């Protein structure tokens, strides 16, 4: 087998395992799923339409609706019709949502320090992050024509 296939598999395997660890810690310590955390992050800078939120989370409109329904029931967000267009829904964080996001960010940072940065030396971490940024930029340029 081509070593590149194995190396790419190592990258994907590490990312998947780290995401599972991060999700486990968010659930255990904050009582929220990783998808809720991602939605809270997207809403931190202000209200967002349901359509934009679904697109940024890479969810179907039905998936986004179910997620926001659960978050609304938990008191983390509110959803209201947009001014001038009742078909468009606007989602915003509540005070409880802002507090949950602050709690989750603390837990997430601690988890990343321990499981993402912790096993690596400072130079290894810096080199890896620079390499990942280069790969992300290349991939975005490649995908730009496919959107």
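Residue numbers (the working numbering): 40 to 186. Every residue gets a Cβ at the ideal spot worked out from N, C-alpha and C, and that includes glycine. Because the structure is a prediction, the values reported are computed rather than measured.
Contact between residue 88 and residue 128 is confirmed by a C-beta separation of about 7 Å, below the 8 Å threshold.
One alpha carbon belongs to residue 156, the other to residue 125, and they sit about 46 Å apart. In this structure, residue 114 lies away from residue 79, with their beta-carbon atoms at least 8 Å apart.
The beta-carbon distance between residue 64 and residue 150, rounded to whole angstroms, is 4 Å. This is short enough to meet the 8 Å contact definition. The DSSP-derived three-state label of residue 133 is coil. Classified as exposed, residue 97 has fewer than 16 neighbouring CB atoms from the shown chains inside 10 Å of its CB. Taken through DSSP and simplified to helix, strand or coil, residue 84 comes out as coil. Residue 116 and residue 131 have their C-alpha atoms some 5 Å from each other.
The three-state reading of DSSP puts residue 124 in strand, counting E and B together. Residue 69 is not a Cβ neighbour of residue 121, given a cutoff of 8 Å. Counting along the chain, residue 166 sits inside the alpha helix (DSSP H) bounded by residues 161-183.
Around the Cβ of residue 47, a 10 Å sphere holds fewer than 16 other Cβ atoms; the residue is exposed. Residue state for residue 150 is assigned as helix, using DSSP reduced to three classes.
Per DSSP, reduced to three states, the secondary structure at residue 72 is coil, with no helix or strand assignment.
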